[in-house]
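For what it's worth, this note's numbering labels the leading residue of the sequence shown as 684, then goes sequentially.
Glycine included, C-beta positions come from ideal geometry on N, C-alpha and C.
No experiment lies behind these values; they were computed from the predicted model shown.
Only one structure is covered here, and it is reproduced in the block below.
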Amino acid sequence: MLYDMLSSHEDTFMFDSTLLIKVQDEIHRNTRLRLQVRRSSTGTGIASFFGACDGVHIQLFDESDPYIFYSVQITDDVFQRLKTQQHLLIDFASFPQRLVELLQMCAGEDTVATPRYQCELQVERTPRTGQLHITETNGFKKLVHLSVQLSQADEAQVRKSMVSRLARLKNEKERLEASLKAAEAKLVEKQSLYERQLESQRSHIEKMKVDFERDMQQLRDRFETELRRDKDGIQREMSERVQLMCLEKSDIEATLKERVRCLENELQSGQIQQATMETHIREAQAEAHQAQVRLTQEKETCRMLQERLDLMMRNDSTEENSELRMKLAQLKVDLEAMKTDLCKAKMEKRCLEESLEHKQGQVERREAGIKTMSDDILKANDIIQKLQTEIKTYHSKLKVRSDVIMKQEEVIESKDRELKALKDRINAGVDLNNKENESRVQHLEKQVAHKDSVIQWLNKKLNELQGHKVDTPFLKVPSPLADHNQGGFGRHVGNRSNGVERRQQ
684 MLYDMLSSHE DTFMFDSTLL IKVQDEIHRN TRLRLQVRRS STGTGIASFF
734 GACDGVHIQL FDESDPYIFY SVQITDDVFQ RLKTQQHLLI DFASFPQRLV
784 ELLQMCAGED TVATPRYQCE LQVERTPRTG QLHITETNGF KKLVHLSVQL
834 SQADEAQVRK SMVSRLARLK NEKERLEASL KAAEAKLVEK QSLYERQLES
884 QRSHIEKMKV DFERDMQQLR DRFETELRRD KDGIQREMSE RVQLMCLEKS
934 DIEATLKERV RCLENELQSG QIQQATMETH IREAQAEAHQ AQVRLTQEKE
984 TCRMLQERLD LMMRNDSTEE NSELRMKLAQ LKVDLEAMKT DLCKAKMEKR
1034 CLEESLEHKQ GQVERREAGI KTMSDDILKA NDIIQKLQTE IKTYHSKLKV
1084 RSDVIMKQEE VIESKDRELK ALKDRINAGV DLNNKENESR VQHLEKQVAH
1134 KDSVIQWLNK KLNELQGHKV DTPFLKVPSP LADHNQGGFG RHVGNRSNGV
1184 ERRQQ
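So this is what it looks like as structure tokens:
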């Protein structure tokens, strides 16, 4: 019941925080103390929870040392004196909120190297009091916003503080135990879930691996079968095409050679005939020329005879006329024969020219045939080159398919390595989660053990205080929270214990 009352009483704090306070006693230092501000009433015990709030209660203490405890109760009368002495501009109703605002500004600059707002505690050893100053430092001077005199706690307040701390530590212990149990349950649940997931992943991976290996084996078999079939077909087709090309090439070469030989023979005979014809033409032209010359001579003779005939006719010479007429007739006959021979020569010349043109046409046709044969030979060579290119293409396709099969085998090996790496990562992740869970459980167990030791120490202190034992042996028992607090505030605690001993003597 007392723990519940204290815990509900602590919930009414307006300000509860650990501040870096500048302590001024024999030495000047900065230490962390906890400062609490709450509204309070003049009633005590349970009645204070139902009475009217007519004051502000300030507590300043060290969480690691129960004897470092200062407090003050500021009522309306005390505030009026502070207002008159320190020239405050606020009333008592707004004083708690303004005080909390100042303390929050101090807490906000707690981590600054040179804070603007800071709390200072000036320890006075003789009256066992301390002055708490809330200061502001600007570029010109140091201002003191509020100065409150704190009183060091007596035995009852120390006992009450220890009881409240014990209650808080027990509550924290229960909370930590509950959180530890919840964390353990969650960890167990997560571990079982992870194990189930891992098992399902393993089974899924194994199934995928089996399916993958089966599919890859089928693909490998199919590719090998297709490759073998394609390779056999390509080799068979290549051999057939090579044989066919060789036969066609030999037939074409033989045919072309025969045709070329025939054309060459015909060309030679044509050339011989052309030379003979040209000789005949030249002879015919010479004969025609001679006949033309003779004809011209005969015409001239005939003209002369005609003139003589005319002359003789004028002279009426009968014998000469008859002779001349006979000669003229003979000349006419000769002229007709010459004309006939000339016509025959012209006809022979025209026939020879036509024959020559025919032979030249044959020669041109032979040359065109030879050119066509050459083009056919070139086309055959192109076909052979294309077939050779196709053979090379088939070889390259075979090589590409072989490379594809090799790459697929490499992909299969890489997938196997990835599956193995994935298994290793999953196992490593599970191990890491287990280690983290174990470390968290150990950390929580250490916290629980530490809280148990603190609670035992506080119970021991509380029992010693309740038994009205002497403070000297009580002070010699070290605190498990802070064994290093032997100086500082420990000095006036020692003075306090010496005073108690003198009173007992």
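For residue i, three-class secondary structure by DSSP
i       : result
Val761  : helix
Leu1025 : helix
Lys825  : strand
Val795  : coil
Ile1066 : helix
Ile710  : coil
Glu819  : strand
Phe698  : strand
Phe744  : strand
Leu718  : strand
Leu771  : coil
Gly1150 : coil
Ala776  : coil
Residue environment, residue i, which counts as buried when at least 16 other CB atoms sit within 10 Å
i       : result
Val1083 : exposed
Val1137 : buried
Leu743  : buried
Ile773  : exposed
Val739  : buried
Leu645  : The question about residue 645 has no answer here: the residues shown for the chain are numbered 684 through 1188.
Ser1097 : exposed
Ser723  : buried
Arg712  : exposed
Phe775  : buried
Glu974  : A small fix is needed here, since residue 974 is Ala in this sequence, not Glu. Flag for Ala974 reads buried.
Arg721  : buried
Leu902  : exposed
Asp1189 : Residue 1189 lies beyond the residue range present for the chain, which begins at 684 and ends at 1188; the question has no answer from this structure.
Leu849  : buried
Leu718  : buried
Alpha carbon of residue i to alpha carbon of residue j, nearest angstrom
i       : j       : result
Lys1143 : Arg851  : 16 Å
Lys853  : Lys1134 : 8 Å
Glu709  : Gly813  : 13 Å
Gly953  : Asp915  : 55 Å
Val976  : Glu1006 : 25 Å
Ile741  : Ser862  : 33 Å
Ala1012 : Glu990  : 15 Å
Lys1010 : Thr979  : 17 Å
Thr962  : Gln956  : 10 Å
Leu878  : Glu1092 : For clarity, residue 878 is Glu in the given sequence; the question names Leu instead. Their Cα atoms are separated by approximately 33 Å.
Leu1070 : Gly1044 : 38 Å
Ser886  : Asp1107 : 15 Å
Gly1177 : Arg811  : A caution first: Gly1177 carries a pLDDT of 42, below 50, which makes its placement in the model too unreliable to give a value.
Arg1123 : Asp1114 : 14 Å
Ser777  : Gly791  : 21 Å
Glu949  : Glu1037 : 18 Å
Ala865  : Glu807  : 49 Å
Thr1072 : Glu936  : 21 Å
Gln884  : Asn1110 : 11 Å
Ala1132 : Lys766  : 49 Å
Ser700  : Glu857  : 22 Å
Met987  : Glu1050 : 57 Å
Leu1105 : Glu889  : 12 Å
Leu1102 : Met891  : 10 Å
Arg1100 : Val795  : 55 Å
Leu1141 : His770  : 43 Å
Gln1139 : Leu870  : 30 Å
Leu826  : Glu1147 : 44 Å
Met697  : Cys789  : 15 Å
DSSP beta-bridge partners of residue i
i      : result
Lys892 : Partner(s): none; Lys892 has no beta bridge.
Thr812 : Glu807, Ser834
Gly738 : Ser723, Thr758
Lys705 : Asn713, Glu803
Phe752 : Phe744
Below-9 Å beta-carbon distance, residue i vs any chain D residue
i       : result
Lys1129 : Any reference to chain D falls outside this structure, which holds one protein chain only.
Three or more C-beta pairs below 8 Å linking the segment 793–804 and the segment 700–707: Contact holds between the segment 793–804 and the segment 700–707, because three or more Cβ pairs, one in each stretch, are under 8 Å apart.
Segment contact, 8 Å Cβ cut-off, at least three pairs: the segment 832–839 with the segment 741–759: yes
I'd like to know if the segment 957–974 and the segment 1030–1048 are in contact, where contact means that at least 3 CB-CB pairs between them fall below 8 Å. Touching, per the Cβ criterion.
Determine, using beta-carbon pairs with one atom in the segment 816–830 and one in the segment 783–794, whether at least three such pairs fall under 8 Å. At 8 Å Cβ cutoff, the stretches touch.
Looking at C-beta atoms only, is the number of pairs between the segment 905–925 and the segment 1083–1095 that lie closer than 8 Å three or more? yes
At least 3 beta-carbon pairs within less than 8 Å: the segment 869–878 vs the segment 1056–1070: no
Three or more C-beta pairs below 8 Å linking the segment 922–930 and the segment 1014–1031: no
Do the segment 1049–1056 and the segment 935–943 make contact, defined as three or more Cβ pairs closer than 8 Å? yes
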